[in-house]
Ligand code: BG6
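Residue numbers (my numbering): 484 to 941.
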């Protein structure tokens with residue numbers, strides 16, 4: 484097995500501490516990271532010991548199995564970007580690199596810090612031509628179409644597309660991956676997932692948390708960029724794509740790209756945006772009272788809009804999107820509503836009538852897929868009520884793998900199925916641009932909603 488060097492830019496940051504170290508530890512425990520050395524890079528000057536302690540503190544909820552052996556694999560490099568020392572020399576001094584090693588660079592840094600890190604990696608690439616390099620890049624990928632294109636230009640000047648792994652962690656969630664199996668591995672669903680049978684699709688991505696300690700980042704972006712441009716459009720394309728030629732990265736991404744290309748420009752009149760206010764009963768601050776948000780901020784924490792995929796399969800089927808922070812529940816799901824045909828069961832009592840069948844893919848908190856069908860309530864004449872035919876991951880498979888663990892493992896193995904391609908990301912930005920360009924107009928109708936309140940209606 485070749486040596487693997489994982490280098491994390493942004494090693495002391497939020498993402499590394501909350502997600503990356505845990506995932507690396509899972510992979511280590513499952514013996515997927517045997518010959519690995521991990522180098523944390525940051526601007527601070529941590530000693531190796533201090534850095535290992537930081538990593539250890541991120542693993543606080545784990546049993547201490549092999550933890551010290553795992554921590555031994557970590558070293559820290561404080562980088563001064565103005566210094567022209569090569570990354571190769573720095574890494575080589577620490578680890579004596581094997582010239583045929585694998586390198587995985589995790590860019591857990593904001594786009595503004597990108598250029599200098601990319602230069603360092605590119606130089607290393609030229610110094611080690613026979614090594615394999617992979618670059619994992621976290622969102623946000625740009626701030627708009629122009630900056631995303633610029634990032635892509637910087638990247639493609641130095642790297643091949645198959646070396647670039649743009650991360651959208653929702654794609655690593657088990658239920659999202661399972662969409663491929665559900666749609667193309669079940670001959671019963673494929674014939675009905677189209678505009679002949681489907682009335683509407685609803686994609687909800689609700690969080691009960693607020694902006695937590697990322698207010699500064701969030702305030703510059705808002706939920707349209709933070710959730711809609713990325714996670715929601717990715718979930719939507721996974722669900723609505725045509726069958727790929729084969730279940731391989733290029734073919735899947737070709738199909739997802741075509742969905743993005745088929746999107747009708749969004750109707751701004753249908754869009755609603757909102758911002759949460761305090762909930763005193765539950766002791767929850769308003770958005771503008773969060774640490775790091777300006778008190779007059781108009782950044783949106785809720786977004787709602789309707790989109791249409793104008794192709795033969797989906798033409799005319801509205802896709803209703805809603806996403807928000809500080810909602811009354813945490814929920815992420817795709818809900819497909821089928822057309823009704825109930826001529827035999829029109830009861831006088833409205834409650835007893837059949838309801839539209841639904842296929843629901845629940846991403847969280849429950850990981851499950853269910854179909855609602857209409858059933859007669861025992862003993863009550865022909866009174867009908869929807870019931871669930873369901874599958875839960877917990878019952879069938881037990882615990883699922885965390886998305887970051889899945890994605891890092893895939894990147895190590897060179898599988899790009901769950902990563903976003905250059906053209907996809909640019910097309911997603913292109914679709915979202917009218918919302919960004921017309922923000923002022925949308926803000927005229929900014930809705931203030933009470934945080935985590937069940938009675939909120941938009
Ligand atoms: C991130 C967003 O990409 O996803 C956050 O930047 C959001 O604002 C998070 O809270 C939600 O992810 P998950 O997996 O907790 O639903």
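Glycine residues also receive a C-beta, built at the ideal position from the N, C-alpha and C atoms.
{"Query": "Three-way DSSP call (helix, strand, coil) for residue 898 in this model", "Result": "coil"}
{"Query": "Secondary structure of residue 815, DSSP reduced to three states", "Result": "strand"}
{"Query": "Residue 497 beta carbon near ligand 1 (any heavy atom closer than 7 Å)", "Result": "no"}
{"Query": "As assigned by DSSP and simplified to three states, the class of residue 578", "Result": "helix"}
{"Query": "Heavy atom of ligand 1 within 7 Å of residue 709 beta-carbon", "Result": "yes"}
{"Query": "Contact check, residue 591 vs residue 499, beta carbons under 8 Å", "Result": "yes"}
{"Query": "CB contact flag (residue 541, residue 509, <8 Å)", "Result": "no"}
{"Query": "Closest by C-alpha distance to residue 858, when choosing among 850, 872, 608", "Result": "872"}
{"Query": "Cβ-Cβ separation, residue 698 to residue 775 (assumed contact under 8 Å), whole Å", "Result": "3 Å"}
{"Query": "Straight-line gap, residue 743 to residue 914 (C-alpha atoms, nearest Å)", "Result": "8 Å"}
{"Query": "Short CB-CB distance (under 8 Å) between residue 654 and chain D", "Result": "The structure shown contains no chain D, having only a single protein chain."}
{"Query": "Segment contact flag, the stretch 918–926 with the stretch 793–800, C-beta cutoff 8 Å, min 3 pairs", "Result": "no"}
{"Query": "Expected contact under 8 Å - CB spacing of residue 747 and residue 793 to nearest Å", "Result": "5 Å"}
{"Query": "Under 8 Å between C-beta atoms of residue 692 and residue 808", "Result": "yes"}
{"Query": "Inter-residue spacing [alpha-carbon to alpha-carbon] between residue 611 and residue 601", "Result": "15 Å"}
{"Query": "Sequence-distant residues of its chain with Cβ nearer than 7 Å to residue 628 (five each side left out)", "Result": "909, 912, 913, 916"}
{"Query": "In chain order, each alpha helix (DSSP H) run of at least 4 residues that lies wholly inside the stretch 592–619", "Result": "597–610"}
{"Query": "Segment contact flag, the stretch 822–834 with the stretch 698–710, C-beta cutoff 8 Å, min 3 pairs", "Result": "no"}
{"Query": "Proximity of residue 584 and residue 687 at Cβ, strictly below 8 Å", "Result": "no"}
{"Query": "Residues that DSSP places opposite residue 689 in a beta bridge", "Result": "807, 814"}
{"Query": "Selected residue, minimal CA-CA separation from residue 736, among 721, 749, 745, 750", "Result": "721"}
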